[in-house]
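In our numbering, the protein residues as written are 27 to 370. Every residue, glycine too, gets a C-beta built ideally from N, C-alpha and C. The structure displayed is predicted, hence computed values, not measured ones.
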Amino acid sequence: MSTPIETFIRNIPKAELHLHIEGTLEPELMFAIASRNNVPLNFPSVEALREAYNFSDLQSFLDLYYQGMAVLQKEEDFFEMTMAYLKRAREDRVRHAEIFFDPQAHTSRGVPFETVLDGIHKACLQAEQEFGITFRIILCFLRHLSAEEAFATLRGALPHRDRITAVGLDSSELGHPPSRFAAVFEEARREGFRVVAHAGEEGPAEYIWEALDMLKALRIDHGVRCMDDEDLVNRLRADQIPLTVCPLSNVRLRVFPEMRLHNLKRLLERGLVVTINSDDPAYFGGYLTDNFLAAQEALGLGPREIQTLVENSFHASFLRQEEKERHLADVRRYCENNAPLTQP
Ligand code: ADE
Ligand code: ZN
């Protein structure tokens, strides 16, 4: 039996702003695609692979993440993975998804950029038509590679810019500060892309300053380490810079030792624009609703806080204003219909 707050969380319309599509590749689908493409895997079974999902930090996850996505070779592989995520997202009442992809992790294996983007984009279009889920696609540069390689990727993306809303920065954070990518992000902004960046997941608050001041990031992915720097918290609040926080990811990658110690509620209390997201749900033990449920239970979030988190996501999205308002009206209507929970 679900409690009233659980039912409220399950059914509230949601947006997801921090989701690596390659991180939605479930072991079952990975094995199916591997066998179709004749790609050997380093694990004898789905169960053995799942057992290896016991991470000590970001890098220990990334090592398996890049191995796993190497089964993806054809457009249909990217289509199938993306469609599987969108079907799962529909069950979680996700109404809008902003999806990251890591083109360099595929082009470096000889898979053309178009193959990757076509598969992802076709699935998004189909889900928009069939499920009514709106979407945006965000190209992430891998920060463990060079700025020159990021530039080459940006150039490869220019013919497809009608399908790519923003650029981001992900992969191994420590030792790879955003400042190294200032020029490529400047070029991306000149070409009309919006900008986001992972910062302050494992890396220091200084990387968040750099993402804001040197990359001109409009949102910070994770950003939980901002609390180490009071001036930074004040800046994030003053500019209402959204943080795309990923609770289950943070616990699985040991950014926080347990959910009860996550700072999400304190970030909200400090007036920051916090959102909840799933990051790499196939690896971290849960999709978007699971992230809300885990944070709610461990931190004692109330229904008004859940409503704020959800509304923050739609406000912080790259949707057009009228699309945001349509989604936000649905959230408000849902909360009014659950008035005994949401009224003070
Ligand atoms: N790529 C996929 N998931 C990531 C994460 N949590 N941090 C950095 N890069 C990633
Ligand atoms: Zn991420």
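In this structure, does DSSP put A237 in helix, strand or coil?
Per DSSP, reduced to three states, the secondary structure at A237 is helical.
According to DSSP, which residues form a beta bridge with F127?
Bridge partners of F127: L165.
Proximity to F126 [Cα-Cα], best of P268, A243, S71 and T50
When only C-alpha atoms are compared, the closest one is T50.
Would A365 be called buried (16 or more neighbouring beta carbons within 10 Å of its own) or exposed?
Answer is exposed; the Cβ neighbour count stays below 16.
State the start and end residues of the unbroken beta strand (DSSP E) segment that holds H202.
Counting along the chain, H202 falls outside any beta strand (DSSP E), and DSSP gives it neither H nor E.
heavy atom of ligand 1 below 6 Å from D305 C-beta
In this structure, D305 has its CB closer than 6 Å to one or more heavy atoms of ligand 1.
In the DSSP output, which residue or residues are listed as bridge partners for V300?
Looking at the DSSP output, V300 shares a beta bridge with L269.
Which whole-angstrom value describes the C-beta separation of R292 and M253, a residue pair presumed to lie in contact below a C-beta threshold of 8 Å?
R292 to M253, Cβ: 7 Å. Contact.
Distance check for L168 and V142, CA to CA, integer angstroms please.
Whole-angstrom Cα-Cα distance: 16 Å.
Once DSSP output is grouped into helix, strand and coil, what is the label at V72?
In the structure shown, V72 sits in a helix (DSSP, three-state: H, G or I).
Quick test of your reading: A192 and I164, contact by CB under 8 Å. State the CB separation rounded to the nearest angstrom.
Correct: roughly 4 Å between the Cβ atoms.
Sub-7 Å separation of P268 and H288 beta-carbons:
Taking the C-beta atoms as reference points, H288 is found no nearer than 7 Å to P268.
Go to V193, then tell me how far its beta strand (DSSP E) extends in each direction, as first and last residue.
Annotation for V193: the continuous beta strand (DSSP E) segment containing it runs A192 to D196.
On a CA-only basis, which of R280, R162, P283 and V210 is nearest A178? Give me that one, please.
Cα-wise, what sits closest to A178 is V210.
Give a yes or no on contact between the segment 330 to 340 and the segment 292 to 305, applying the rule of three or more CB pairs nearer than 8 Å.
Under the 8 Å Cβ criterion, the segment 330 to 340 counts as touching the segment 292 to 305, having at least three qualifying pairs.
Tell me the residue span of the alpha helix (DSSP H) that contains H224.
Element bounds for H224: not the alpha helix (DSSP H) but the beta strand (DSSP E), R220 to A225.
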